[in-house]
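Numbering (the working numbering), first residue to last: 29 to 400.
In this text, a Cβ means the ideal position worked out from N, Cα and C, and glycines have one as well.
Predicted model, so just to flag it, every value in this text is computed and none were measured.
Some notes on the structure that comes next.
What follows is the structure, encoded as structure tokens:
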């Protein structure tokens, strides 16, 4: 192999700009790349972008090979910016580290080392062995946030959990008698659709299904196919086959989690409609949230959005398995309404997390919380 070309003078401001672009590109595949991480990559030389790439739907092709393919022969002597360490192992596709070496890349700027044991620094080491300059850590905090689902699944065997709640000014999420009621305005609902599009799966309980008959799809224009896997906790398979979650299961995948003792006939009726059914043991009549998340992690889910009612939300909070929360606060009140977390004060959620932002969304306010 010919020698690696010399590296041009490094411009820190330019590095920052190209890595920010790589991060933005990677976010395009959030919710679509699982079980692989949503990576972004940029190939540039002398301040000129030669190729851009992001992980494609289903997790491949990978971002680096996409960017290299667009750069072509011009990639020789260039720098590649990538939001996660290029893979070094042979999976369904060849290692990205090898593709970078073959392309004649002179310098790699990587935001993070991949915690996956099959990579874990080996991609960086392989490229350094070939004389490529490798730098790690630029925009690491932002990359860590974008790859939180991948990191959580690799290190803990479960997806990153985001809890979304729409809450009235008096702390309620539903009307008396558990009747559905519109709480937030249209702007907030569009934000929720974007959250759904960036999630691998969205979870609710059977109570919400029976009261709302929701579709749980991404309602942004042209993004219906970005809708996540829909997960329903329905121990006894009570969901009516005429409801949207079942009738549209062939267009938008649906997984229903039920108890082990459900009759095979009830399961088969749903499977015939295109619904996937997962049997999971109950503990004291309830699903064990930790076991549920482990089962979803085994299926490749890296980012789970919980949009269920007060019972489901409280179960995740009690288990201390909420990693992020997005709260939409509406100015309207709901007298005698249903509290956001059944059996728990609202502080049981907010005191465990750190508020990282607050901004107006139309007439409502959106707050974001993360683990500290």
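Report the three-state DSSP secondary structure of residue i (helix, strand or coil).
| i | result |
| --- | --- |
| residue 205 | helix |
| residue 275 | helix |
| residue 117 | coil |
| residue 269 | coil |
| residue 68 | strand |
| residue 390 | coil |
| residue 29 | Residue confidence for residue 29 is low, a pLDDT of 48 falling below 50, so the modelled location carries little weight; the figure read from the coordinates is stated next. The answer is coil: DSSP assigns residue 29 none of H, G, I, E or B. |
| residue 48 | helix |
| residue 214 | helix |
| residue 324 | helix |
| residue 226 | coil |
| residue 290 | coil |
| residue 335 | coil |
From residue i to residue j, what distance separates their C-alpha atoms?
| i | j | result |
| --- | --- | --- |
| residue 127 | residue 180 | 27 Å |
| residue 342 | residue 290 | 25 Å |
| residue 176 | residue 163 | 21 Å |
| residue 59 | residue 132 | 32 Å |
| residue 337 | residue 189 | 15 Å |
| residue 82 | residue 205 | 47 Å |
| residue 117 | residue 96 | 18 Å |
| residue 388 | residue 218 | 13 Å |
| residue 157 | residue 249 | 47 Å |
| residue 203 | residue 363 | 8 Å |
| residue 295 | residue 198 | 41 Å |
| residue 74 | residue 55 | 26 Å |
| residue 86 | residue 253 | 13 Å |
| residue 107 | residue 287 | 53 Å |
Figure out for me which residue from the options has the closest Cα to the Cα of residue i.
| i | options | result |
| --- | --- | --- |
| residue 356 | 298, 230, 395 and 95 | 395 |
| residue 138 | 144, 67, 242 and 145 | 67 |
| residue 293 | 316, 265 and 310 | 265 |
| residue 285 | 324, 250, 297 and 375 | 324 |
| residue 159 | 169, 174, 65 and 130 | 130 |
| residue 318 | 185, 79 and 386 | 185 |
| residue 425 | 352, 366 and 107 | Residue numbering for the chain in the displayed model covers 29 to 400; residue 425 lies beyond these limits and cannot be assessed. |
| residue 360 | 277, 211 and 331 | 211 |
| residue 76 | 56, 42, 53 and 87 | 42 |
| residue 91 | 64, 73, 74 and 168 | 64 |
With a threshold of 7 Å on Cβ separation, who are the neighbours of residue i within its own chain once the five nearest residues in sequence on each side are excluded?
| i | result |
| --- | --- |
| residue 241 | 271 and 272 |
Which same chain residues, not among the five before or five after residue i, have their C-beta less than 8 Å away from its C-beta?
| i | result |
| --- | --- |
| residue 383 | 395, 396 and 397 |
| residue 223 | 190, 192, 333 and 354 |
Who are the near neighbours of residue i in its chain, counting only those whose CB is closer than 6 Å to its CB and skipping five residues on each side?
| i | result |
| --- | --- |
| residue 19 | Residue 19 is absent from the model: the chain starts at 29 and stops at 400. |
| residue 29 | A caution first: residue 29 carries a pLDDT of 48, below 50, which makes its placement in the model unreliable, though a value can still be read off. Closer than 6 Å at the Cβ level, and outside the excluded window around residue 29, lies no residue. |
query: Counting only runs that start and end within the segment 128 to 186, where is the beta strand (DSSP E) found for 3 or more residues in a row?
result: If we require 3 residues or more, the beta strand (DSSP E) runs fully inside the segment 128 to 186 come out as 135 to 138 and 161 to 164.
task: Would you list, in sequence order, the uninterrupted beta strand (DSSP E) runs of no fewer than 3 residues that lie entirely inside the segment 70 to 123?
output: Counting only runs of at least 3 residues, the segment 70 to 123 fully encloses the following beta strand (DSSP E) elements, listed from N- to C-terminal order: 76 to 82 and 107 to 110.
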